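Residue numbers (mature numbering (1 follows the signal peptide of the UniProt record, and there is no 0)): -22 to -1, 1 to 178.
Below is one structure, written out as structure tokens; the observations come after it.
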Amino acid sequence: MSKSAGKKAAAVVGVVAVAATAGTGASVAAKQITSSQIKDGTIQTRDLTKNNFARFTSTETVKVAETPVSATPAYAGARVVDVTGAQTGLVTLVLNKGTWKLSGTAQFWHIGGPTPADTTDYGVVTIPGLQSGFSRNVTSDVPEGGVNPAQVSFGGTIKITANNTPVVISGNFTADRQGQAGVSVTATQYEYVKLFDGGQ
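Structure follows, in structure tokens:
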């Protein structure tokens, strides 16, 4: 190989390295580009400008849902529903197609007092369809007497395949106990929106 040909090959390799890494930060190029795939003169300086690698911006859609305030006077305005079965719906999110990040908190109470007394039980909140995170999350022992709740936080991602899909987050008590429970949850969807073409 001649000296000029060697310089040309080195230049092509350098251009490929810049093209594969510019604007990606710590991420790795999805596909390796080799010099055999590049024809002479096809990569120009304008192709490597910063603007050409900044064509997208991120936007987010946020939805918040909470168990409604109970109309039962004895519950003193708490956001709870009565949990009497194996699974009771606590809150419903209606989400559109896409991948969403969920973050929430569930609280479980015995507002009316112990039934029966001094029995250890836990609150279990279930989030269906999570791709990451735990679909079942468990509190510590639920206090008797309704002064304080037992609480657990949860999070993860969920993929929705159709618009207006209801996601029902449910709860139950262990040891066949009954009581009250409520959930507050935030769903965030991240999207990338194209700003412009051609680096203009």
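C-beta atoms are modelled at their ideal positions from N, C-alpha and C, and glycine is treated no differently.
It should be emphasised that the depicted structure is a prediction, and the values quoted were computed from it without experimental measurement.
Could you have a look at Ala7 and say whether DSSP puts it in helix, strand or coil? Locating residue 7 in the sequence shown gives position 29, counting from the first residue. Interpretation of Ala7 is limited by its pLDDT of 46, a score under 50 that renders its predicted location unreliable; the figure taken from the coordinates is listed afterwards. Judged by DSSP in its simplified three-state form, Ala7 adopts coil rather than helix or strand.
Measure the Cβ-Cβ separation of Thr104 and Gln65 and say whether it is below 9 Å. Position 126 of the sequence shown, counted from the first residue, corresponds to residue 104. Position 87 of the sequence shown, counted from the first residue, corresponds to residue 65. In contact: Thr104 and Gln65 (Cβ atoms closer than 9 Å).
Within this structure, are the beta carbons of Trp78 and Thr166 separated by less than 9 Å? Here residue 78 refers to the residue found at position 100 when the sequence shown is read from its first residue. Here residue 166 refers to the residue found at position 188 when the sequence shown is read from its first residue. Yes, Cβ-Cβ distance for Trp78 and Thr166 is below 9 Å.
Check whether the stretch 53 to 62 touches the stretch 132 to 139, taking contact to mean three or more Cβ pairs, one atom from each stretch, closer than 8 Å. At 8 Å Cβ cutoff, the stretches do not touch.
Consult DSSP for Pro46 and reduce its assignment to one of helix, strand or coil. In the sequence shown, counting from the first residue as 1, residue 46 sits at position 68. Coil at Pro46, not helix or strand.
Rounded to the nearest angstrom, what separates Asp154 and Thr37 at their Cα positions? Locating residue 154 in the sequence shown gives position 176, counting from the first residue. Locating residue 37 in the sequence shown gives position 59, counting from the first residue. Taking the straight line from one Cα to the other gives about 44 Å.
Rounding to the nearest angstrom, what Cα-Cα distance links Thr143 and Ala128 in this structure? As a first step, residue 143 must be located in the sequence shown, where it is residue number 165. As a first step, residue 128 must be located in the sequence shown, where it is residue number 150. Looking at the backbone, the Cα of Thr143 and that of Ala128 are separated by about 30 Å.
Would you check if the distance between the CB atom of Lys75 and the CB atom of Ala140 is smaller than 9 Å? By one-based count along the sequence shown, residue 75 stands at place 97. By one-based count along the sequence shown, residue 140 stands at place 162. The beta carbons of Lys75 and Ala140 sit closer together than 9 Å.
Just to confirm my understanding: we take Gly149, look at its own chain, exclude 5 residues before and 5 after, and list those with CB closer than 8 Å. What are they? Here residue 149 corresponds to residue number 171 of the sequence shown, with the count starting at 1. The beta carbon of Gly149 sits closer than 8 Å to those of Val61, Gln65, Thr66, Leu68, Ala84, Phe86, Gly101, Val102, Val103, Thr104, Ala159 and Val161, all from its chain and outside the five residues before and after it, given in chain order.
When you compare each of Val40, Ala52 and Ala56 to Pro46 by their alpha carbons, which one comes out closest? For this step, residue 46 is matched to residue 68 along the sequence shown. When only C-alpha atoms are compared, the closest one is Ala56.
Pick from Gln156, Gln15 and Leu71 that is closest to Ser81, judged by C-alpha positions: In the sequence shown, counting from the first residue as 1, residue 81 sits at position 103. Selected option, being the one with the closest Cα: Leu71.
DSSP on Ala54, reduced to helix/strand/coil? On the sequence shown, residue 54 is found 76 positions in, with the first residue counted as 1. DSSP places Ala54 in coil when its eight states are reduced to three.
Inter-residue Cα distance where the pair is Gly91 and Val130: Within the sequence shown, residue 91 is the residue found at index 113, counting from 1. Within the sequence shown, residue 130 is the residue found at index 152, counting from 1. Between the alpha carbons of Gly91 and Val130 lies a distance of about 21 Å.
As assigned by DSSP and simplified to three states, the class of Gln15: Taking the sequence shown and counting its residues from 1, the one referred to as residue 15 is at position 37. Three-state result, Gln15: helix.
How many angstroms separate the CA atom of Glu122 from the CA atom of Ile89? Position 144 of the sequence shown, counting from 1, holds the residue named residue 122. Position 111 of the sequence shown, counting from 1, holds the residue named residue 89. Here the C-alpha atom of Glu122 lies approximately 8 Å from the C-alpha atom of Ile89.
Alpha carbon to alpha carbon, how far is Ile147 from Glu169? Give it in angstroms, no decimals. Along the sequence shown, read from residue 1 onward, the residue named residue 169 stands at position 191. Along the sequence shown, read from residue 1 onward, the residue named residue 147 stands at position 169. C-alpha of Glu169 to C-alpha of Ile147: approximately 24 Å in a straight line.
Counting C-beta neighbours from all protein chains within 10 Å, is the total for Asn126 16 or more, i.e. buried, or is it exposed? The sequence position of residue 126 within the sequence shown is 148, counting from 1. Only exposed fits Asn126, as fewer than 16 other CB atoms lie within 10 angstroms of its CB.
With DSSP as the reference, identify every bridge partner of Ala84, one or two as the case may be. Within the sequence shown, residue 84 is the residue found at index 106, counting from 1. Per DSSP, the beta-bridge partners of Ala84 are Val130 and Val161.
For Val145, report the span of its beta strand (DSSP E) as first-last. The residue you call residue 145 lines up with position 167 of the sequence shown. If you look at Val145, you'll find it in the beta strand (DSSP E) that goes Thr143 to Phe151.
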